[in-house]
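Here the protein sequences come in this chain order: Y and F.
Under numbering that gives the first Met the number 0, the first sequence has 20 at position 21, and the numbering climbs by one with no breaks.
Under numbering that gives the first Met the number 0, the second sequence has 49 at position 50, and the numbering climbs by one with no breaks.
Cβ atoms here follow ideal geometry from the backbone N, Cα and C, with glycine treated the same way.
All figures in this text were calculated on a predicted structure; none of them were measured in a lab.
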Amino acid sequence: MNLTATLRERLRHDLPLDDVLPDELPAYVHSYVYLFGIATIAALVILIMSGIVLAMAGPTWWHVSPVGHFLNSVHFWSVQAFFFFLVLHLWTTFFQGAWRDGRGATWVVGVLCFLVGIGTAFTGYISQQNFDAQWIAEQGKDAMNAIGVGAFFNVLNFGQMYDFHIVILPVIVSALVGLHLLLVRMRGVVRPYPAPGEPGEEVRP
Amino acid sequence: MSPRQRAYYRGITLEPYDLVKEGLIGFLLVGVLVLGLAAALSSPDEPPLTVQHVAATAPLVFVQTALGELNGTDSINSYGPPYNSGSGSVQSLGPVSFQRLAGVHIPIDTAQGMVLGPLRRVAQLEPSVAAALRTFDGATLARQAAWEAAYGVALAKARIQGTTVGLPAGGYGPVAPMLAGLLDLGRSGLLEPAVDNSPRIYSTDNTRSILFLQSAALPAQAARFHLVGSQWGMMNETGNYPGQAWLWLYTLGYQVPAYASSPNADALVMATIAVLTLVLLLLPWIPGLNRLPRLLGVYRLIWRDYYRDRAAPVAAPSPPAPMPSPPEPRARTGGRP
């Protein structure tokens, strides 16, 4: 078995460029409801861009530099925007039953984006090196310790939390968001529920 | 669009769409929004609470904390895993304690690590502290405990004179000069590095210095910012800024009286969140719940234009077809009604 050829055929079958970058979509996609996902990704891109600059300058820079503080503000409001749009996207896809017709994996990966995003934000708040960070770490330690996680994920250890925040979790979030996008393009957006009088409930590809 | 997706959308009107343009416009709009908010509203950055600040502004709190670390009455000394083998804060779910199972990975001896160890550094420079430490080390455990108890009783009658703690005469032996030396070390700003005491030069671990503050000073400061658990705790932010609102369900758990009053509150809340997270993850396959959106009917609002068009007389409903395989050459086969 040639693994390269197998992978190529699999990608050709599951991910044709016509689906990855389509130039026509169902008319019902022309709705603001379908913008929440792209707005979430836009906020994520701004988060990563501002985060890269903050990381390059080191964790204490933004406390003493007006430019750094502004970049931190961009990072702060980006995360608020990220979760605002993400939750709207989550709710609207829930109300659409967007997991229908074989889209369960897309839903699961989307929820994982949400969960790992929460972890990324949590470690970010702990990495701020200010009172909020101190207090969240002090409060969070009991929850982590109570389930046996605190021994290995020490929220009071700035170095460990900073590593998680600027490298490990952003890489995972980015990979999950990329996979989520590929799954959405692979399957396409879900059809609306059948209109009254229409036959059929779900299509199993 | 591939023939497979085209078949899936059979009977549905397809329209030209530019995903890349939409992404760029979205990026610009969100960028303007975020930059505007950042410029107009800035972001919170309340300075951290330091041991130095506590020693200077609340010396009695400092000394009470230090005595608790020395005589073992501080909650961390009996906390349990991952800090020690105590049981004071060990939580379990039914018969299982994941906290106990995880074991002691961050060993903390509060007396040695937070009081005696730092004092040995002070003793290098301060003969009176060195003498007090020699006396303390040479005494029996019972004698040490008696001195500590007497000092604790005397603290109740302490008078704050500026930045010093004035105590009535009593039989607390070397404990008074020891803790006075520790207070001096705290005021100098050197206690934190001494407490965190990394075996290497570079340290990024603040576990022990934060735990030193956690018994009294941190909660008092948090209460001023409306951040304590009964005030929805850490989902809030200092100042008038939004906090981690996405943690609302987690912090809601601590507002439930049955959870809040339980010695296993954290474990119960985390377990509840774990179960709810699993439900959210597996929603597509949970009978009943996976049909909830259809019952709720919000989709009629989301796709109202689609249903209006379908209801028009010219619309000819046709059921979707299963996705064909393998893919065929690109062709517009019945994509438009």
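Query	Result
Tell me whether F/Q123 sits in a helix, a strand or coil according to DSSP, three-state version.	coil
Work out the CA separation of Y/N1 and Y/S77 for me, nearest whole Å.	45 angstroms
Since F/T109 and F/I75 are thought to touch, with beta carbons under 8 angstroms apart, how far apart are those beta carbons, to the nearest angstrom?	6 angstroms
Rounded to whole angstroms, what's the CA-CA distance from Y/D18 to Y/R190? Just pull it up for me.	16 angstroms
For a contact defined as C-beta to C-beta under 7 angstroms, what are the partners of F/P43 on chain Y?	D131
Could you tell me the boundaries of the beta strand (DSSP E) in which F/V164 lies?	T163 to G165
Given this structure, state the Cα-to-Cα distance separating Y/D100 from F/F97, to the nearest angstrom.	39 angstroms
Please classify Y/F151 as buried or exposed, where buried requires at least 16 neighbouring CB atoms within 10 angstroms.	exposed
Specify whether the region 43-52 of chain F and the region 123-137 of chain Y touch according to this definition: at least 3 beta carbon pairs, one from each stretch, less than 8 angstroms apart.	yes
Quick check: is the beta carbon of Y/S30 nearer than 9 angstroms to any beta carbon in chain F?	yes
I'd like to check one pair, F/A266 with Y/A145: are the Cβ atoms closer than 9 angstroms?	yes
Starting from the beta carbon of Y/N1, find every residue of chain F whose beta carbon is closer than 9 angstroms, and list them in chain order.	By Cβ distance, chain F contributes nothing, its closest Cβ being about 18 angstroms from Y/N1, past 9 angstroms.
Rounded to whole angstroms, what is the Cα-Cα separation between F/R119 and F/P262?	37 angstroms
As a quick exercise: from F/G185, F/N196, F/A138 and F/M234, pick the residue whose alpha carbon is nearest that of F/Y171.	F/A138
Between the region 86-103 of chain F and chain Y, which residues of the former have CB atoms less than 9 angstroms from a CB of the latter, in chain order?	S88, V89, Q90, S91, L92, S96, F97, Q98, R99, L100, A101, G102 and V103
Can you find a C-beta in chain F that's less than 9 angstroms from the C-beta of Y/I117?	yes
On the DSSP letters alone, give me the boundaries of the beta strand (DSSP E) that F/L281 sits inside.	Run containing F/L281: none; DSSP gives neither H nor E here.
Quick one: grab the DSSP three-state call for F/V255.	coil
When the Cα of Y/L168 is compared with those of Y/F121, Y/Y27, Y/A194 and Y/F81, which residue comes out closest?	Y/F121
According to DSSP, is F/L13 part of a helix, a strand, or is it coil?	strand
Across the region 26-34 of chain Y and the region 68-77 of chain Y, are there enough close Cβ pairs to call them in contact, namely three or more that are closer than 8 angstroms?	no
What three-state label does DSSP hand F/V274 in the structure shown?	helix
First and last residue of the beta strand (DSSP E) that includes Y/E23?	E23 to P25
Does the count of Cβ pairs from the region 209-219 of chain F and the region 136-144 of chain Y closer than 8 angstroms reach three?	yes
When you compare only the Cα positions, how much space is there between F/G220 and F/R99?	According to the sequence shown, residue 220 of chain F is Gln rather than Gly. Taking the straight line joining both Cα atoms gives about 31 angstroms.
Just checking, does the region 286-294 of chain F make contact with the region 79-99 of chain Y on the three C-beta pairs under 8 angstroms criterion?	yes
Quick check on this structure: which residue in F/F224, F/Y253 and F/S127 has the alpha carbon closest to the alpha carbon of F/I272?	F/Y253
What in chain Y is Cβ-close to F/L66, meaning under 8 angstroms?	Those within 8 angstroms of F/L66 in chain Y number zero; the least Cβ separation is about 20 angstroms.
Tell me, please, whether the region 109-119 of chain Y touches the region 157-174 of chain Y by the rule of three or more beta-carbon pairs shorter than 8 angstroms.	yes
Let me make sure I understand the geometry here. Which of F/V33, F/L251 and F/G25 has the alpha-carbon closest to that of F/F229?	In the sequence as presented, Phe is not what sits at residue 229 of chain F; that position holds Ser. Out of F/V33, F/L251 and F/G25, F/L251 has the C-alpha closest to the C-alpha of F/S229.
In chain Y, which residues lie less than 9 angstroms from F/D304 when you measure between Cβ atoms?	A26, Y27, H29 and S30
Name the residue from F/P218, F/G102, F/A57 and F/G79 whose alpha carbon lies nearest to the alpha carbon of F/L182.	F/A57
Any residues in the region 130-160 of chain F with a beta carbon nearer than 8 angstroms to a beta carbon of chain Y? Which ones, in chain order?	none
Straight-line CA distance for F/I107 to F/G71?	12 angstroms
If you follow the beta strand (DSSP E) that Y/R99 is in, where does it begin and where does it stop?	Taken as a continuous stretch (DSSP letters only), Y/R99 belongs to no beta strand (DSSP E), as it is neither H nor E.
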